[in-house]
Amino acid sequence: ISPLNAIALEVTATPGARLIPRAPGLPDDWFENDGQLTKSEIRAVTLSALAPRRSETLWDIGAGSGSIAIEWMLADPANRAFAIEKNADRAARVMRNAAALGTPGLRLIEGAAPEALIGLPTPDAIFIGGGASAPGVLDAALAALRPHGRLVVNAVTIETQAELSRRFSALGGDLVQLSVARAEKVGGFHGFRPAMPIVQWRYEKP
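Counting in my numbering, the sequence shown runs from 40 upward without gaps.
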């Protein structure tokens with residue numbers, strides 16, 4: 040074929056095709072999950088705090104359904120993500136979600152942090168959605184981050200929230216509480232049912 044030739048392709052979505060938006064916070068029901076899922080509203084805030092930039096690498100520790108890692112990769116095609124998940128069923132689910140949502144290049148590390156983190160490429164950002172209170176996990180994450188890297192940790196339990204409060208007191212950053220309530224039927228009316236509040240610690244490494 041002559042190098043002067045050009046080929047133009049027009050891609051048209053078929054009726055009923057799932058069109059993935061560029062904004063974070065995909066619908067929860069797009070992710071196969073067993074309940075271990077960062078919900079849509081919290082996910083959008085979390086991705087904003089992680090602040091993905093082109094060609095950056097994320098570690099998603101305690102990946103659950105893989106939603107944070109997947110949306111990190113969707114933010115830019117040059118981004119990389121490593122999903123660390125010790126539960127075999129959830130690990131398999133992460134990869135099914137990645138394939139279904141257009142990020143088959145997501146790297147799965149099946150194992151428990153901090154041991155599973157050894158040898159991984161240096162991250163620009165780290166998200167911990169599960170296991171932050173396990174011995175050594177937060178210390179390993181902080182040590183691994185490159186300078187000016189971002190760490191975002193979400194906590195539901197009082198014990199993990201207390202640990203984040205201690206880290207915030209010692210290191211600074213931002214500590215915020217996120218609460219979401221959704222309207223549900225209450226008899227013939229509707230009322231807001233609150234979800235469990237999330238405490239989020241955001242820290243940028245000097």
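All residues carry an ideal CB built from backbone N, CA and C; glycine is no exception.
- Is it the case that the Cβ atoms of P162 and T85 are separated by a distance below 9 angstroms? For the purposes of this step, residue 162 is taken as residue 123 along the sequence shown, with counting starting at 1. For the purposes of this step, residue 85 is taken as residue 46 along the sequence shown, with counting starting at 1. For the 9 angstroms CB-CB criterion, P162 and T85 do not form a contact.
- Message: So, under 8 angstroms CB-CB, W69 and L113 are touching, yes? Tell me the CB distance rounded to an integer number of Å.
- Response: Locating residue 69 in the sequence shown gives position 30, where the first residue counts as 1. Locating residue 113 in the sequence shown gives position 74, where the first residue counts as 1. Actually they are not in contact, since the Cβ atoms of W69 and L113 sit about 11 angstroms apart, beyond 8 angstroms.
- Item | Which listed residue (P116, L76, R92) has its alpha carbon closest to that of H187 | Sequence index remark: in the sequence shown, residue 187 carries index 148 (1-based). The shortest Cα separation from H187 among P116, L76, R92 belongs to R92.
- Message: Restricting to Cα atoms, I'd like to know which of E71, M235, G227, G170 is closest to A151.
- Response: The residue given as residue 151 occupies position 112 in the sequence shown. Selected option, being the one with the closest Cα: G170.
- Message: On a Cα-Cα basis, can you pick out the residue from N44, A83, V50 that is closest to P60?
- Response: Start at 1 with the first residue of the sequence shown, and residue 60 comes out as number 21. Here the closest residue by C-alpha is A83.
- Message: Please state the DSSP three-state secondary structure of Q75.
- Response: If you number the sequence shown from 1, residue 75 lands on position 36. In the structure shown, Q75 sits in coil (DSSP, three-state: anything other than H, G, I, E or B).
- Please say whether A164 and V191 have beta carbons closer to each other than 9 angstroms? Looking up residue 191 in the sequence shown gives position 152. Looking up residue 164 in the sequence shown gives position 125. In contact: V191 and A164 (Cβ atoms closer than 9 angstroms).
- Using three-state DSSP, classify L217 as helix, strand or coil. Numbered from 1 along the sequence shown, position 178 holds the residue referred to as residue 217. Correct three-state label for L217: strand.
- Item | 8 angstroms contact criterion, which E80 and V219 should meet: CB distance rounded | The residue given as residue 80 occupies position 41 in the sequence shown. The residue given as residue 219 occupies position 180 in the sequence shown. So it is a contact: roughly 5 angstroms between Cβ atoms.
- In three-state DSSP terms, what is I81? Position 42 of the sequence shown, counted from the first residue, corresponds to residue 81. Reduced to three states, the DSSP call for I81 is helix.
- Message: According to DSSP, V225 sits in a beta bridge with which residue or residues?
- Response: One-based indexing of the sequence shown puts residue 225 at position 186. According to DSSP, which records beta bridges pairwise, V225 is partnered with F228.
- Query: Using DSSP with H/G/I as helix, E/B as strand and the rest coil, what is F70?
  - Reply: On the sequence shown, position 31 is the one that residue 70 refers to. The answer is coil: DSSP assigns F70 none of H, G, I, E or B.
- Let me know the secondary structure DSSP gives I100 once reduced to three states. Reading the sequence shown from its first residue, position 61 is the one you call residue 100. DSSP places I100 in strand when its eight states are reduced to three.
- Straight-line CA distance for K244 to A179? On the sequence shown, residue 244 is found 205 positions in, with the first residue counted as 1. On the sequence shown, residue 179 is found 140 positions in, with the first residue counted as 1. Here the alpha carbon of K244 sits roughly 13 angstroms from the alpha carbon of A179.
- Query: In or out: N44 buried (at least 16 other Cβ within 10 Å) or exposed?
  - Reply: The residue labelled residue 44 in the question sits at position 5 within the sequence shown. Classification for N44: exposed.
- Task: Would you decide whether P63 is buried or exposed? Buried here means 16 or more other CB atoms lie within 10 Å of its CB.
- Result: Here residue 63 corresponds to residue number 24 of the sequence shown, with the count starting at 1. By the 16-neighbour rule on beta-carbons within 10 angstroms, P63 is buried.
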